[in-house]
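Going by my numbering, 36 is the number at position 36 of the sequence shown; the sequence numbering is gapless. Heads up, the thing below is written out as structure tokens.
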Amino acid sequence: IYGISHGDRGVSSALDILVPKAGFFCQICSLFYADEPSMINHCRTSLHRQNME
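Given below as structure tokens:
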């Protein structure tokens, strides 16, 4: 992947721990949501409201 040879184990293994992400992260609850509807639903939960206090 990304022009890196699978024979280059040092770089290849380093890439294994990197995960590309795009979405929404709630800093209050430390939870990640991949899409806006999920994020909106989370913000309505009692867990989120409780953590806001």
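Where a beta carbon is used, it is the ideal one built from N, C-alpha and C, also for glycine. Keep in mind it's a predicted model, so treat the numbers as computed, not measured.
- Going by C-alpha positions, Ala14 is about 13 Å away from Pro20.
- Counted as a single uninterrupted DSSP element, the alpha helix (DSSP H) harbouring Leu47 occupies residues 46–52.
- Beta-bridge annotation (DSSP): Leu15 is not paired with any residue.
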